[in-house]
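Trainee:
2 protein chains.
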Amino acid sequence: MSLLALLLAGAAEEPTQKPESPGEPLPGLELFRWQWHEVEAPYLVALWILVASLAKIVFHLSRKVTSLVPESCLLILLGLVLGGIVLAVAKKAEYQLEPGTFFLFLLPPIVLDSGYFMPSRLFFDNLGAILTYAVVGTLWNAFTTGAALWGLQQAGLVAPRVQAGLLDFLLFGSLISAVDPVAVLAVFEEVHVNETLFIIVFGESLLNDAVTVVLYKVCNSFVEMGSANVQATDYLKGVASLFVVSLGGAAVGLVFAFLLALTTRFTKRVRIIEPLLVFLLAYAAYLTAEMASLSAILAVTMCGLGCKKYVEANISHKSRTTVKYTMKTLASCAETVIFMLLGISAVDSSKWAWDSGLVLGTLFFILFFRALGIADTLCFPTLLPVPPLPAAHIPF
Amino acid sequence: MSLLALLLAGAAEEPTQKPESPGEPLPGLELFRWQWHEVEAPYLVALWILVASLAKIVFHLSRKVTSLVPESCLLILLGLVLGGIVLAVAKKAEYQLEPGTFFLFLLPPIVLDSGYFMPSRLFFDNLGAILTYAVVGTLWNAFTTGAALWGLQQAGLVAPRVQAGLLDFLLFGSLISAVDPVAVLAVFEEVHVNETLFIIVFGESLLNDAVTVVLYKVCNSFVEMGSANVQATDYLKGVASLFVVSLGGAAVGLVFAFLLALTTRFTKRVRIIEPLLVFLLAYAAYLTAEMASLSAILAVTMCGLGCKKYVEANISHKSRTTVKYTMKTLASCAETVIFMLLGISAVDSSKWAWDSGLVLGTLFFILFFRALGIADTLCFPTLLPVPPLPAAHIPF
């Protein structure tokens, strides 16, 4: 008796039971039947990943092109072209990068890959500097950029169409000023920067997640409440929530790292599911943190960092290779798809409006205040909780 | 500027824009927020796979248990228990094995794994026997089982509640008499049968897919049309559709195998996406065949069989290892989940009704006519298009 049979029967239940209207001519035996809508969802996903992968192959056919333009830019450009075609054919913008897709499916493999293969010695040696940049640096960037843009508006350099108060600009500042791990990985790995610089900027981009999330939540709540209704306890709550989100996320990650280390001790007779377990439990860590509004990026980073030593010791050599290359492949695939979809999403002009003052002002202030923040920590090395970086390590 | 930021802004668009009703008390800053429904879908999938994987680990802790009871049976039993718990808690049957999930997500990795790692020499050496069993054998089993059950009903041995004519019984016969690859793999790999027996039964289970699909489609159409309306051309169409479905499916598979062999020639500089390409193109073959109502099982089997030599020669050693173990892991995971979900689905008693005559009759006739069919080919070896099997290879 066949599984297939039982399921085929299940699948066919509906058409068999449909009432036959006696007036209509009875359909003969069909030789062909086109059932696009049944396979639509997985087909489209597979197709877009395929397009992105093929584009990657084409870009790398010529070494000249990729040495001149970073791959991520090429992918965004491809996305713009494809988005334009979709827009022309379908008359509306489709296949946009949805926040749900990004946070639930595309971001986790990238962060897991980077957490799992994080050079942990280098990371912990520079933890002080990383935390300084991630917490103090991010707060500094967000507030100064937001405040400066508000100043720009007060000075009348932003189109009067932009109706926003100081709180709105701070909200925008908290969004725009954080360093992002996807872009850092894409660019830094391609240009092969100094490893200390890499670990500091990359570590910051991972650890600032909690700060960004909290800052965004707090500013957003304040905007919703209106500045008049914000009370002193709300500021305290904001500070408390920074600790809850970051330490909570890290704790979730460590709990799952422990579970993973424990489970892989018992897989000697079922080696085949070892790679699966690693991905499943790390993903569960991410989703659990996301569900509780904790920092999911911190959770999966800590899970990867925490479990690696034990997992690698427990699982077989073949499982180790599979975990390593599958993780790299998934992360690379997610990154490729993100940049392509970013390009496609940028085509939808109904969402965007150009404002020279705001755009150029933002660009300038981000760079300016970031440089100022870094110069500060270098001029006052006593502010750093660890021995300061040798200046030679920071080339800008 | 951060990707994260742009997307966070997108995600928050809705709550920010919601109109505030002035009467309601304004919410203060929230420290915690539980967002289960946002992560529900991927969380549940991850959780069920995790449960199945952990169960597998537990079963294999004791070698005694798995040597007595096949793993697939243990998983079905586990499913029954879990299904019972779900039924008791939720008061309704949930997490059933849906045909869509089975055909789009669980079956493809299993068939790809078996097609890709098919011992091709052994397969082609026994192709005649395999085809005889897959086409003639399956037709024989379906018609005899269906007709015999109809005879049983005419003899009054089936509860009168079962209202069905000869065509309905033939439809049932076409469903129930085909050998199924998932079960063959699960059982035969565990008991380590003779390799010729394995390739014949397993090959049959893959190649009979086209026959089963066509037989089911034809019988189903005839039942819908009513036996009085079936015309001579419909029988011809049925025969033609057997060729369309099988050869069409195989052709789709070979086209994708060619594409895969071609694409992997150009991946020397982007080794990281090689494993992804293999899975994507094989899956695209499956979905394309499924979409055109061709035999998707044949398509992915032929794709795996056809591309392997070229792909293995083109991709790097590390990619080969990754492809191999990822394929095995995915297939094992899919198989595990299928058997567990089968158990869970069996709990829903509203779908089932016991009829001793029908159940025992079906069991008996399937075994009886299958044995008769095999005895036939052994007694009349000239019927086989290839030299007959040495009798020693067939232990029953």
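Note that the protein sequences, when read in sequence, are chains A and B. Its first residue numbered 12, the first sequence is counted upward by one per residue in the numbering used here. Its first residue numbered 12, the second sequence is counted upward by one per residue in the numbering used here. Built from N, CA and C at the ideal position, the CB exists for glycine as well.
So for A:Gln164, helix, strand or coil by DSSP?
Mentor: Residue state, collapsed to three classes: helix.
Trainee: Our contact map puts B:Gly176 next to B:Gly157 with C-beta atoms below 8 angstroms; I'd like the distance itself, whole angstroms only.
Mentor: That belief does not hold up - the Cβ atoms of B:Gly176 and B:Gly157 are roughly 11 angstroms apart, past 8 angstroms.
Trainee: Taking the alpha carbon of A:Pro81 as the reference point, which residue from A:Leu288, A:Tyr294, A:His203, A:Phe116 has its own alpha carbon closest?
Mentor: The shortest Cα separation from A:Pro81 among A:Leu288, A:Tyr294, A:His203, A:Phe116 belongs to A:His203.
Trainee: Can you check whether the CB of B:Leu265 is closer than 9 angstroms to the CB of B:Cys314?
Mentor: Yes, the pair counts as a contact, with Cβ atoms nearer than the cut-off.
Trainee: Within a Cβ cutoff of 7 angstroms, which residues of the same chain sit near A:Leu178, ignoring the five residues on either side of it in sequence?
Mentor: The answer, listed in chain order, is Cys230, Phe233, Val234, Ser238.
Trainee: Along chain B, which residues have their Cβ under 8 angstroms away from the Cβ of A:Glu301?
Mentor: Under the 8 angstroms cutoff, chain B gives Gln46, Glu49, Val50.
Trainee: Just the Cα atoms here: how many angstroms apart are B:Asp245 and B:Gln165?
Mentor: Straight-line Cα distance between these residues: approximately 27 angstroms.
Trainee: Listing by chain order, which chain B residues have their CB less than 7 angstroms from the CB of A:Phe277?
Mentor: Correct list: Ile68, Leu72.
Trainee: Beta-carbon within less than 7 angstroms of B:Ala307's beta-carbon, same chain only, minus the 5 sequence neighbours each way: which residues are those?
Mentor: Hits under 7 angstroms: Gly260, Tyr297, Ala300, Glu301.
Trainee: Any beta carbon of chain A sitting closer than 9 angstroms to that of B:Ala57?
Mentor: By this cut-off, B:Ala57 is an interface position.
Trainee: Taking Cβ positions, are A:Leu142 and A:Gly354 nearer each other than 9 angstroms?
Mentor: For A:Leu142 and A:Gly354, no; Cβs fall outside 9 angstroms.
Trainee: Which residue's Cα is closest to the Cα of B:Leu247: B:Ala262, B:Val263, B:Val225?
Mentor: Closest by alpha carbon: B:Val225.
Trainee: Might you give, ordered along the chain, the residues of its own chain that have their beta carbon closer than 7 angstroms to the beta carbon of B:Lys339, omitting 5 neighbours on each side?
Mentor: Same-chain partners within the cutoff: Asp124.
Trainee: What's the C-alpha gap between A:Lys75 and A:Leu108?
Mentor: Going by the C-alpha atoms only, they are around 30 angstroms apart.
Trainee: Does DSSP classify A:His328 as helix, strand or coil?
Mentor: DSSP places A:His328 in helix when its eight states are reduced to three.
Trainee: Mind checking whether A:Ser1 and A:Ala153 have CB atoms under 9 angstroms apart?
Mentor: Past the edges of chain A, shown from 12 to 407, lies residue 1 of chain A, and the structure says nothing about it.
Trainee: Taking the alpha helix (DSSP H) that B:Asn219 belongs to, which residues open and close that run?
Mentor: Note, B:Asn219: alpha helix (DSSP H), 206 to 236.
Trainee: Tell me the start and end of each unbroken alpha helix (DSSP H) in the segment 107 to 142 of chain A that is at least 4 residues and wholly inside, in chain order.
Mentor: 118 to 127, 131 to 136, 138 to 142, all fully within the segment 107 to 142 of chain A.
Trainee: Quick one: what does DSSP say B:Asp387 is sitting in, helix, strand or coil?
Mentor: It is helical.
Trainee: If the cut is a Cβ gap below 9 angstroms, which residues of chain B does A:Thr337 touch?
Mentor: Per Cβ cutoff of 9 angstroms: Pro286, Thr333, Tyr336, Thr337, Thr340.
Trainee: Got a sec: is the Cβ-Cβ distance from B:Thr155 to anything in chain A below 9 angstroms?
Mentor: Closer than 9 angstroms: no.
Trainee: Mark B:Ala66 as exposed unless 16 or more other C-beta atoms lie within 10 angstroms of its C-beta, in which case mark it buried.
Mentor: Counting Cβ neighbours within 10 Å, B:Ala66 comes out buried, since at least 16 surround it.
Trainee: Comparing the C-beta of A:Ser306 with each C-beta of chain B, is any distance below 9 angstroms?
Mentor: No, because no Cβ of chain B sits closer than 9 angstroms to the Cβ of A:Ser306.
Trainee: Please go through the same chain and pick out, in chain order, the residues whose beta-carbon is closer than 8 angstroms to the beta-carbon of B:Phe134, but skip the five residues on each side of it.
Mentor: Excluding residues within five positions, the ones whose Cβ falls inside 8 angstroms are Ile141, Ile210, Gly214, Leu316.
Trainee: Given A:Ala357, which residues of its chain have a CB within under 8 angstroms of its CB, disregarding the five upstream and five downstream residues?
Mentor: Excluding positions up to five away in sequence, the list reads Ile87, Gly90, Leu91, Gly94, Trp363.
Trainee: Starting from the beta carbon of A:Cys344, find every residue of chain B whose beta carbon is closer than 8 angstroms, and list them in chain order.
Mentor: The answer, in chain order, is Ile284, Leu287.
Trainee: If we count the other Cβ atoms within 10 Å of its Cβ and call it buried at 16 or more, is B:Val250 buried or exposed?
Mentor: With fewer than 16 other Cβ atoms within 10 Å, it is exposed.
Trainee: Count the C-beta pairs between the segment 57 to 73 of chain B and the segment 325 to 340 of chain B that are closer than 8 angstroms, then say yes if the count reaches three, no if not.
Mentor: Because the criterion of three Cβ pairs below 8 angstroms is not met, the segment 57 to 73 of chain B and the segment 325 to 340 of chain B do not touch.
Trainee: Where does B:Leu305 sit, in a helix, a strand or coil, going by DSSP?
Mentor: Three-state result, B:Leu305: coil.
Trainee: Between A:Pro26 and chain B, is any beta-carbon pair separated by less than 9 angstroms?
Mentor: Summary for A:Pro26: the model assigns pLDDT 42, below 50, so the residue's position carries little reliability; its value from the coordinates is reported in the next sentence. So yes, A:Pro26 belongs to the interface.
Trainee: For the alpha helix (DSSP H) containing A:Tyr246, name the first residue and the last one.
Mentor: From DSSP, the alpha helix (DSSP H) with A:Tyr246 extends over 243 to 274.
Trainee: Might you give, ordered along the chain, the residues of its own chain that have their beta carbon closer than 7 angstroms to the beta carbon of A:Leu387, omitting 5 neighbours on each side?
Mentor: Note that residue 387 of chain A is Asp in the sequence shown, not Leu. Excluding sequence neighbours, A:Asp387 sits near nothing in its chain.
Trainee: So is A:Ser32 buried or exposed if we call it buried at 16+ other beta carbons inside 10 Å?
Mentor: Residue confidence for A:Ser32 is low, a pLDDT of 43 falling below 50, so the modelled location carries little weight; the figure read from the coordinates is stated next. Exposed, since its Cβ has fewer than 16 Cβ neighbours within 10 Å.
Trainee: When DSSP labels each residue in this structure, what does B:Asp179 get in the three-state scheme?
Mentor: Here B:Asp179 sits in helix by DSSP.
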